[in-house]
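Counting from 43, one number per residue, gives the positions in the sequence shown under the working numbering. Virtual Cβ for every residue (Gly too), placed ideally from N, Cα, C. Here's the structure we're looking at; comments come further down.
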Amino acid sequence: MIEATSSGQGVGHTDAKAHRGGKLVSPSRRRQAVEQLQNAYSVSERRACKVVGQARSSQRYEASPRDDERPVVARMLELVEKFPRYGYRRITALLRQERW
Numbered sequence: 043m044i045e046a047t048s049s050g051q052g053v054g055h056t057d058a059k060a061h062r063g064g065k066l067v068s069p070s071r072r073r074q075a076v077e078q079l080q081n082a083y084s085v086s087e088r089r090a091c092k093v094v095g096q097a098r099s100s101q102r103y104e105a106s107p108r109d110d111e112r113p114v115v116a117r118m119l120e121l122v123e124k125f126p127r128y129g130y131r132r133i134t135a136l137l138r139q140e141r142w
């Protein structure tokens, strides 16, 4: 006689991990998750970070854009408009030829 197990690990079983909506890999996505937890449940930053698995130092980090980034990005977009079928490697090669 075959008995059914109550663990639910048979074929077609779905658990909470399968319904998570993807991994929260990047620190920026974890930052968003912590902020949402804080707003939705009125919990402290410490508790929300612990739930998400985010270090509080990473939560408080604010990226500062580099001074030379805007002109490079502007030129990159110009090249993309001129050569829409080029990939990122080819665009990078063109930027390096122009001494960026």
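>> Give me the residue from 69, 141, 140 with the minimum Cα distance to residue 104.
In response: Mapped onto the sequence shown, residue 104 falls at position 62. Residue nearest to residue 104 within the set 69, 141, 140 is 69 (criterion: CA-CA distance).
> residue 137 to residue 86, Cα distance in whole Å?
Replying inline: As a working mapping, residue 137 is identified with position 95 in the sequence shown. As a working mapping, residue 86 is identified with position 44 in the sequence shown. Going from the Cα of residue 137 to the Cα of residue 86 covers about 46 Å.
>> Distance check for residue 92 and residue 81, CA to CA, integer angstroms please.
In response: As a working mapping, residue 81 is identified with position 39 in the sequence shown. As a working mapping, residue 92 is identified with position 50 in the sequence shown. If you take the alpha carbons of residue 81 and residue 92, they lie about 15 Å apart.
> Would you call the CB atoms of residue 142 and residue 117 closer than 8 Å?
Replying inline: Residue 142 sits at position 100 when you count from the first residue of the sequence shown. Residue 117 sits at position 75 when you count from the first residue of the sequence shown. Taking 8 Å as the Cβ cut-off, residue 142 and residue 117 qualify as a contacting pair.
>> Less than 8 Å between the beta carbons of residue 79 and residue 97, yes or no?
In response: In the sequence shown, the residue the question calls residue 79 occupies position 37. In the sequence shown, the residue the question calls residue 97 occupies position 55. Against a cut-off of 8 Å, the Cβ pair of residue 97 and residue 79 comes out as no contact.
> Does the Cβ of residue 72 have 16 or more other Cβ atoms within 10 Å, making it buried, or fewer, making it exposed?
Replying inline: Your numbering for residue 72 matches position 30 in the sequence shown. Buried, because 16 or more other Cβ atoms sit within 10 Å of the Cβ of residue 72.
> What three-state label does DSSP hand residue 128 in the structure shown?
Replying inline: Locating residue 128 in the sequence shown gives position 86, where the first residue counts as 1. Under the three-state reduction of DSSP output, residue 128 falls in the coil class, being neither helix nor strand.
>> Rounded to whole angstroms, what is the Cα-Cα separation between residue 129 and residue 140?
In response: Counting from 1 along the sequence shown, the entry for residue 129 is found at position 87. Counting from 1 along the sequence shown, the entry for residue 140 is found at position 98. Between residue 129 and residue 140, the C-alpha separation is close to 17 Å.
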